[in-house]
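Take the sequence shown: its letter number 262 is residue 262 in the UniProt record's numbering, and every next letter is one higher.
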Amino acid sequence: MSVSSKTIVIVDDEQRTRQGIHQTLEQWAAGKYRIVTSGNGLEALHTLRAETVHLLITDVRLPEFSGLDLIRSLERDSRRPAIIVISGYAEFDYVQQALRLGAVNYLLKPIDKQELLNAVDEALRLEEERQRYEQLEKIADPVLLELDLQAATLSDPIRRACIYMAEHLHESITMAQTAAHSHLNASYFSVLFKEQSGLSFTEYLHRLRMQRAKELLLHTQLTIAQIGERSGYRTDKYFIKVFKVSEGVSPSRYRQQMRKEPGNID
């Protein structure tokens, strides 16, 4: 997702505050963000339900449908934005509730412009990190993930082999080369690797290459041929064939499908 498509929603029933925040963020963003304002919680909720919002800045106290009600309504929303709450000095109980509900920061009225910009910058960074983490979870190979979690149980030669493969994925890696790097003969290495990882050398390498390819497809603008090469495949034709067998779709189709999902970051 490009930066220009990010949306910030400001919710405050006080027009002066609402417009002041809007003006400050408009000048700061210089067109890089879409900034929407709302005078009440229900109107803001409609916006949040209708489109992807990346940052919500809301007063904790609003008539009819409060800022806390608004935050609670987003509790189980997969597209939940980062949240900054606004409050007066006498409303810290509301702020504490908002922070427990997942708000990342709060601003006290009257709002200092630099504090606002610092809070917004930090909130957007946290939101992007969360999105990236969720994306990595979606594409992570569960077998490799489980093996990573059990890395402490692997012997030093097998750990060295796994590191070696990850660092040389763009090359043509053989079992003999990897075994030699771990100071083992190929036959013994093959048995030991399968015994400790639960995977054959070939299957592990294949999964590692597919994982790298998926990460590059999602997070870079590299061509399919470049991604295939960086994942260790000799030709783009062979890469496309192997990827399709493994994932059920071509690399280009996989990229399209993943980037169409709400909240994805290009």
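For every residue, glycine included, the Cβ atom is placed at its ideal position computed from N, Cα and C.
Note that the structure is a prediction, hence the values are computed from the model and not measured.
- Secondary structure at T37: strand, using DSSP grouped into helix, strand and coil.
- The criterion of a C-beta distance shorter than 8 Å is satisfied by A44 and V11.
- Judged by DSSP in its simplified three-state form, L101 adopts coil rather than helix or strand.
- In this structure, V143 sits near R207, with a CB-CB distance shorter than 8 Å.
- D59 is bridged by DSSP to I86.
- Per DSSP, reduced to three states, the secondary structure at L147 is helical.
- Distance check between S172 and each of Y233, R130, E195 places Y233 closest, using alpha-carbon atoms only.
- At a Cβ-Cβ threshold of 8 Å, A166 and R159 do not count as neighbours.
- Non-local beta-carbon contacts of L117 in its own chain, meaning distances under 6 Å to residues more than five positions away in sequence, involve W28 in chain order.
- DSSP, read as helix, strand or coil, puts T52 in coil.
- Note that the C-beta distance between H170 and E247 is not below 8 Å.
- A direct Cα-Cα distance of roughly 15 Å separates L108 from R16.
- Between I35 and R72, the alpha-carbon positions lie close to 22 Å from each other.
- Put simply, of L205, G67, R132, L216 the residue whose alpha carbon is nearest the alpha carbon of I57 is G67.
- Under the 10 Å beta carbon count, F92 is surrounded by fewer than 16 other beta carbons and is classified as exposed.
- Counting along the chain, the unbroken alpha helix (DSSP H) around I224 starts and ends at 224-230.
- Pairing L124 with L55 gives a Cβ-Cβ distance under 8 Å.
- Note that the C-beta distance between P81 and V53 is below 8 Å.
- Residue pairing by DSSP places V245 opposite no residue, since no beta bridge is assigned to it.
- In the three-state scheme derived from DSSP, where H, G and I count as helix and E and B as strand, T153 is classed as helix.
- For R255 against L205, the beta-carbon gap comes to about 23 Å, at or over 8 Å, which does not count as contact.
- Its Cα nearest to that of R49, the residue V9 stands out among G39, V9, E14.
- Going by DSSP, I21 is part of the alpha helix (DSSP H) stretching over 15-29.
- By the CB criterion at 8 Å, E215 and I163 fall outside the cutoff.
- For the pair F65 and N40, the CB atoms are nearer than the 8 Å cut-off.
- Between Q97 and T37, the alpha-carbon positions lie close to 23 Å from each other.
- DSSP places I10 in the strand class (E or B) of the three-state scheme.
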